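> Residue numbers (the numbering used here), protein chains in the order written: chain A, 1 to 331; chain B, 332 to 596; chain C, 597 to 923.
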């Protein structure tokens with residue numbers, strides 16, 4: 001059932017939900033872009049509908065909410081170790097269809113790849129998802145090609161229509177807040193076509209693709225900065241770090257910190273050997289993981305076609321173009 | 332409640348065996364030793380210094396041997412530990428060498444340098460269960476006599492199996508000098524259908540040893556290798572050890588060559 | 597022919613090499629203008645000049661080959677350009693520029709175009725233009741977006757370099773080392789890594805923003821406020837050319853304008869009226885009065901940001917031609 005509410009009513013809802021959950025969503029942060037006098041859209045806590053950016057694609061994804069960029073695994077001192085409390089006991093997350101598909105990939109990594117991950121699982125519990133439907137494609141999106149343009153796995157949807165906010169609820173928790181609200185007929189929109197289309201290859205010949213000359217272009221074009229993986233809602237790699245606090249050599253923390261296979265040192269092993277020195281090889285390692293490598297293990301591509309990697313690349317490298325090149329090389 | 336696999340547990344150092352200044356074996360108290368498989372690994376976990384994946388080189392009643400080469404901050408710190416002290420470990424992780432895979436075979440183990448430690452427990456096993464294999468041979472190589480590991484064990488193995496010990500450099504009149512590949516042609520094989528081999532060592536050594544075995548007549552599916560990779564979390568989560576669709580820490584580090592050969596970094 | 601050269605110079609014309617002919621000097625504060633003004637400038641050159649336009653070293657245009665008797669007509673054609681570029685004009689419309697002593701406020705391309713620039717140089721240049729014009733004292737002011745100093749602002753009386761005060765968000769840092777690397781390789785190595793994370797040495801830091809640009813994960817972010825490095829008393833010339841020296845680091849927009857305006861009062865007080873053409877570079881006046889006297893005037897009623905660092909006194913050296921011959 002769908003309901004229409006004005007801004008004041010929506011803000012009242014936000015404050016009621018805020019009593020039970022932390023609310024996270026994309027927010028437009030003025031003048032905080034990398035370059036001066038530019039804005040950025042990133043995930044943060046939202047208190048009011050005014051904080052929420054419903055019209056732009058976020059530069060970074062929602063993943064930090066359940067996979068913190070830096071997360072303390074335990075504090076240590078001479079006496080032992082202490083696991084910190086989780087940073088929330090439940091959250092409402094505003095996101096788009098592709099992001100909800102990305103959530104499946106995060107779950108695969110942290111709950112199915114080996115034993116379930118303690119830290120991920122405890123943040124993953126008690127989450128509510130509010131879909132921000134896309135009525136049209138953004139630049140660089142290729143969700144239709146990746147089958148992530150439609151989703152049913154939401155608890156609530158929100159769309160601004162003529163100054164009012166239209167919600168469709170599939171979840172008891174949310175539905176109870178709408179009793180008495182104006183009801184209406186509503187169909188959740190979704191993207192039916194993107195300008196960018198990516199060709200799928202069922203079976204990729206790893207050996208042939210690895211040897212392909214196509215990667216050599218990226219040896220020089222790619223600067224190995226890692227932005228593509230950090231904005232990616234499905235990239236999950238991290239590195240362990242042990243630190244001690246200032247003067248006290250016996251107390252400190254062990255934390256895990258997001259990592260990137262594009263950045264130096266990711267694949268450096270004790271003794272100094274590096275498996276992928278060339279940036280083009282790192283690109284290949286990442287690209288194949290995003291499609292065939294993950295698919296072999298979990299039956300779906302990892303990439304969900306949000307195009308954030310293309311949006312942010314300072315060298316204008318297009319990942320969808322790379323996927324299409326792989327398809328062409330595989331013919 | 333899901334177990335927090337990241338929390339290491341305290342374990343007592345029972346014994347330190349110093350093979351060389353760079354390589355020591357730590358015999359660690361571990362109650363679950365009987366379920367440990369040769370070729371598995373533990374994370375040596377020293378808060379403040381970090382973690383390092385270390386292969387199991389021996390399995391006792393209530394202990395495991397971890398043979399460590401000092402090449403980083405974690406292992407350097409470890410070398411300050413003597414018997415009696417406690418340190419943190421977690422594991423075991425990975426698949427290891429399953430003894431059943433090699434039963435009734437003419438088994439050959441080729442190992443170089445620290446590559447001997449992940450295969451040591453499987454060598455021990457078939458040394459002690461000679462009746463479970465048709466024959467047992469090992470070819471092991473070290474840089475020099477001074478770099479040799481497990482000197483005491485070699486004495487025992489010499490009585491239990493065909494041992495070829497070779498060094499990259501040294502006195503040719505007293506010892507074998509040359510790479511392990513040099514000795515592959517002289518391994519006695521009765522029937523290549525029964526001939527199985529395990530190869531562990533530096534990547535370049537594994538490459539040429541496998542090549543030598545295949546030329547000799549060994550079947551690809553009868554060769555196993557162990558991949559030394561940058562295992563970090565040991566739990567299939569951090570992504571560092573992934574190669575193609577394989578997570579070395581979960582699916583390996585031991586692979587049948589038919590699978591292992593296709594892993595491309 | 598009877599022409600008052602003093603008057604025409606003040607009206608932004610010039611005595612040129614070719615007798616009987618002048619050149620019209622057109623101010624373009626910040627060096628950026630709507631393209632439509634180009635055709636207006638072209639019309640002046642085609643109608644009254646010789647169909648030629650010079651691009652000046654200070655980002656203005658100069659239309660040469662104009663007969664002295666056509667200056668009034670040129671001033672009429674200049675009117676839409678003067679208006680369109682927002683040049684103060686207390687004098688009647690159609691009579692051209694009221695002064696030319698304080699030169700065009702020059703600026704690098706700035707953050708409208710350049711990714712490295714820390715502020716909008718054009719807009720700041722226009723703010724300064726609004727404040728100083730039509731002052732006729734010989735002041736040269738230039739702005740540049742970052743310490744790369746593409747505008748060479750250290751060759752000016754007032755050089756303004758854009759800065760940002762990098763803000764570190766530890767919880768976003770992934771320890772990639774990009775900031776440390778870029779600062780070490782491209783700038784002054786103000787960042788060192790400790791416990792896997794960068795530590796910025798504020799004294800060494802130029803505020804250039806390279807760490808913010810290099811950071812892939814917004815661990816380094818720009819400060820909300822924009823800051824500047826103010827270098828002073830750089831100059832070219834035949835006596836003693838020299839590079840402007842750092843005076844105030846982490847200064848703000850309004851303080852800079854106030855300081856420039858205060859300096860006009862200082863110069864009015866101390867200028868040597870008998871100097872050739874009645875004009876003197878400010879630096880020579882400071883050499884005469886001492887730096888502290890200048891500073892007293894310049895900082896009058898100025899409230900600097902709390903983080904501002906003032907270097908005082910300043911010593912300049914520069915090129916001493918006479919000394920060189922003494923070698």
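Backbone N, C-alpha and C fix where the C-beta goes; we use that ideal spot for every residue, glycine too. Since the model is a prediction, treat every value here as computed from it, not as a measurement.
#1: On the three-state DSSP scale, how would you describe residue 290 (chain A)?
#2: Excluding the 5 residues flanking residue 445 (chain B) on each side, which residues of the same chain have their C-beta closer than 6 angstroms to its C-beta?
#3: Could you please tell me which residues of the segment 799-830 of chain C, in chain order, have their CB closer than 8 angstroms to any CB of chain A?
#4: Beta carbon of residue 666 (chain C), beta carbon of residue 644 (chain C): below 8 angstroms?
#5: Which ranges does the beta strand (DSSP E) cover as unbroken runs of at least 3 residues, wholly within the segment 83-162 of chain A, from first to last along the chain?
#6: From this set, C:846, C:886, C:785 and C:913, which residue's C-alpha is nearest residue 863 (chain C)'s C-alpha?
#7: Listed in chain order, which residues of the segment 200-219 of chain A have Cβ atoms closer than 8 angstroms to some Cβ of chain B?
#8: Using only the alpha-carbon positions, how far apart do residue 317 (chain A) and residue 339 (chain B) sit?
#9: I want to see whether chain B comes within less than 8 angstroms of residue 3 (chain A), judged by CB atoms only; does it?
#10: Excluding five sequence neighbours on each side, which residues of the same chain lie with their C-beta closer than 8 angstroms to the C-beta of residue 97 (chain A)?
#11: Which residues does DSSP pair with residue 349 (chain B) in a beta bridge?
#12: Helix, strand or coil: how does DSSP classify residue 744 (chain C) here?
#13: Tell me whether the beta-carbon of residue 335 (chain B) lies closer than 8 angstroms to the beta-carbon of residue 129 (chain A).
#14: Would you check if there are 3 or more beta carbon pairs closer than 8 angstroms linking the segment 418-427 of chain B to the segment 356-373 of chain B?
#15: Does any residue of chain A have a CB that is nearer than 8 angstroms to the CB of residue 772 (chain C)?
#16: Whole angstroms are fine: how far does the CA of residue 821 (chain C) sit from the CA of residue 858 (chain C)?
#17: Give a yes or no on whether 8 angstroms exceeds the smallest Cβ distance from residue 744 (chain C) to chain A.
#18: Which same chain residues end up closer than 8 angstroms to residue 342 (chain B) when comparing Cβ atoms and leaving out the 5 residues on each side of it in sequence?
#19: Over what stretch of residues does the alpha helix (DSSP H) that includes residue 394 (chain B) continue unbroken?
#20: Taking buried to mean at least 16 other C-beta atoms within 10 Å of its own C-beta, is residue 454 (chain B) buried or exposed?
#21: Please report whether the beta-carbon of residue 571 (chain B) lies at a distance below 8 angstroms from any beta-carbon of chain A.
#22: At a Cβ threshold of 8 angstroms, is residue 552 (chain B) touching chain A?
#23: Work out the CA separation of residue 61 (chain A) and residue 552 (chain B) for me, nearest whole Å.
#24: Name the residue from C:831, C:653, C:770 and C:640 whose alpha carbon lies nearest to the alpha carbon of residue 663 (chain C).
#25: May I ask which residues mark the beginning and end of the beta strand (DSSP E) holding residue 323 (chain A)?
#26: Does any residue of chain A have a CB that is nearer than 8 angstroms to the CB of residue 383 (chain B)?
#27: What residue range is occupied by the uninterrupted alpha helix (DSSP H) comprising residue 879 (chain C)?
#28: Does residue 151 (chain A) come within less than 8 angstroms of chain C when only Cβ atoms are used?
#29: Would residue 65 (chain A) count as contacting chain B if we go by Cβ distances under 8 angstroms?
#30: Please report the distance separating the alpha-carbon of residue 811 (chain C) from that of residue 491 (chain B).
#31: What does residue 764 (chain C) touch in chain A if you count any residue whose Cβ is under 7 angstroms from its own?
#32: What residues in its chain sit with their C-beta under 8 angstroms from that of residue 923 (chain C), if we drop five residues either side in the sequence?
#33: What residues of chain A sit near residue 596 (chain B), judged by a beta carbon separation below 7 angstroms?
#34: Answer yes or no: does any C-beta atom of chain A fall closer than 8 angstroms to that of residue 703 (chain C)?
#35: Here's the rule I'm using: 16 or more other beta-carbon atoms within 10 Å means buried, otherwise exposed. How should residue 568 (chain B) be labelled?
#36: Kindly indicate which residue of C:803, C:850, C:750 and C:635 has the alpha-carbon position closest to the one of residue 901 (chain C).
On the basis of the coordinates in this document:
#1: Indexing the first chain from 1 puts residue 290 (chain A) at position 290. For residue 290 (chain A), the secondary structure class from DSSP, reduced to helix, strand or coil, is helix.
#2: Start at 1 with the first residue of the second chain, and residue 445 (chain B) comes out as number 114. Hits under 6 angstroms: 400.
#3: Residues of the segment 799-830 of chain C with a C-beta atom less than 8 angstroms from some C-beta of chain A are 805, 808, 809, 810, 811, 812, 813, 814, 817, 818, 820 and 822, listed in chain order.
#4: For this step, residue 666 (chain C) is matched to residue 70 along the third chain. For this step, residue 644 (chain C) is matched to residue 48 along the third chain. With respect to residue 644 (chain C), residue 666 (chain C) sits close: the two C-beta atoms are nearer than 8 angstroms.
#5: Those beta strand (DSSP E) runs which fall completely within the segment 83-162 of chain A and span 3+ residues are 91-95, 127-131 and 156-161.
#6: Here residue 863 (chain C) refers to the residue found at position 267 of the third chain. For residue 863 (chain C), the nearest C-alpha among the options comes from C:886.
#7: Answer in chain order: 206, 207 and 210.
#8: Within the first chain, residue 317 (chain A) is the residue found at index 317, counting from 1. Within the second chain, residue 339 (chain B) is the residue found at index 8, counting from 1. Cα to Cα, the separation comes out at about 42 angstroms.
#9: To locate residue 3 (chain A), count along the first chain from 1; it is residue 3. Not one chain B Cβ lies under 8 angstroms of residue 3 (chain A).
#10: By one-based count along the first chain, residue 97 (chain A) stands at place 97. Excluding sequence neighbours, residue 97 (chain A) sits near 131, 133, 134, 143, 148, 149, 150, 151, 190 and 191.
#11: Within the second chain, numbered from 1, the residue matching residue 349 (chain B) stands at position 18. In DSSP, residue 349 (chain B) forms a bridge with B:355.
#12: Mapped onto the third chain, residue 744 (chain C) falls at position 148. In the three-state reduction of the DSSP assignment, residue 744 (chain C) falls in the coil class, being assigned neither a helical nor a strand state.
#13: Taking the second chain and counting its residues from 1, one reaches residue 335 (chain B) at position 4. Taking the first chain and counting its residues from 1, one reaches residue 129 (chain A) at position 129. No, these two residues do not count as a Cβ contact at 8 angstroms.
#14: Contact between the segment 418-427 of chain B and the segment 356-373 of chain B is present, because at least three Cβ pairs lie under 8 angstroms.
#15: Start at 1 with the first residue of the third chain, and residue 772 (chain C) comes out as number 176. Answer yes: the Cβ-Cβ gap between residue 772 (chain C) and chain A drops below 8 angstroms somewhere.
#16: Residue numbering aside, residue 858 (chain C) sits at position 262 when the third chain is read from its first letter. Residue numbering aside, residue 821 (chain C) sits at position 225 when the third chain is read from its first letter. Our two residues, residue 858 (chain C) and residue 821 (chain C), have alpha carbons roughly 24 angstroms apart in a direct line.
#17: Taking the third chain and counting its residues from 1, one reaches residue 744 (chain C) at position 148. Closer than 8 angstroms: no.
#18: As a position in the second chain, residue 342 (chain B) is number 11, starting the count at 1. Non-local beta-carbon contacts of residue 342 (chain B) in its own chain, meaning distances under 8 angstroms to residues more than five positions away in sequence, involve 359, 360, 361, 417, 418, 419 and 420 in chain order.
#19: On the second chain, position 63 is the one that residue 394 (chain B) refers to. From DSSP, residue 394 (chain B) is part of no alpha helix (DSSP H) but of the beta strand (DSSP E) over 394-400.
#20: The residue labelled residue 454 (chain B) in the question sits at position 123 within the second chain. With 16 or more Cβ atoms within 10 Å of its Cβ, residue 454 (chain B) is classed as buried.
#21: Working through the second chain from its first residue, we reach residue 571 (chain B) at position 240. Closer than 8 angstroms: yes.
#22: Indexing the second chain from 1 puts residue 552 (chain B) at position 221. False, the Cβ-Cβ gap to chain A never drops below 8 angstroms.
#23: Working through the second chain from its first residue, we reach residue 552 (chain B) at position 221. Working through the first chain from its first residue, we reach residue 61 (chain A) at position 61. Approximately 44 angstroms between the Cα atoms of the pair.
#24: The sequence position of residue 663 (chain C) within the third chain is 67, counting from 1. When each option's Cα is compared against that of residue 663 (chain C), the closest is C:640.
#25: Counting from one through the first chain, the residue named residue 323 (chain A) turns up at place 323. Unbroken run through residue 323 (chain A) is the alpha helix (DSSP H), 319-329; no beta strand (DSSP E).
#26: Reading the second chain from its first residue, position 52 is the one you call residue 383 (chain B). Judged by the 8 angstroms Cβ criterion, residue 383 (chain B) is in contact with chain A.
#27: The residue given as residue 879 (chain C) occupies position 283 in the third chain. Where residue 879 (chain C) is concerned, the enclosing alpha helix (DSSP H) stretches over 878-885.
#28: Start at 1 with the first residue of the first chain, and residue 151 (chain A) comes out as number 151. Output row for residue 151 (chain A): interface = no.
#29: Your numbering for residue 65 (chain A) matches position 65 in the first chain. By this cut-off, residue 65 (chain A) is not an interface position.
#30: On the third chain, position 215 is the one that residue 811 (chain C) refers to. On the second chain, position 160 is the one that residue 491 (chain B) refers to. One C-alpha to the other measures close to 60 angstroms.
#31: Indexing the third chain from 1 puts residue 764 (chain C) at position 168. Listed along chain A, no residue sits closer than 7 angstroms to residue 764 (chain C) by beta-carbon distance, the nearest being about 13 angstroms off.
#32: Taking the first residue of the third chain as position 1, residue 923 (chain C) is located at position 327. Bear in mind that a pLDDT of 46 at residue 923 (chain C), under 50, signals an unreliable position, so the model cannot answer this.
#33: By 1-based counting over the second chain, the position of residue 596 (chain B) is 265. Those within 7 angstroms of residue 596 (chain B) in chain A are 275 and 276.
#34: The sequence position of residue 703 (chain C) within the third chain is 107, counting from 1. False, the Cβ-Cβ gap to chain A never drops below 8 angstroms.
#35: For the purposes of this step, residue 568 (chain B) is taken as the residue at position 237 of the second chain. Taking all protein chains shown into account, residue 568 (chain B) has 16 or more neighbouring C-beta atoms within 10 Å of its C-beta and is therefore buried.
#36: Taking the first residue of the third chain as 1, we reach residue 901 (chain C) at position 305. Nearest Cα to residue 901 (chain C) within the set C:803, C:850, C:750 and C:635: C:850.
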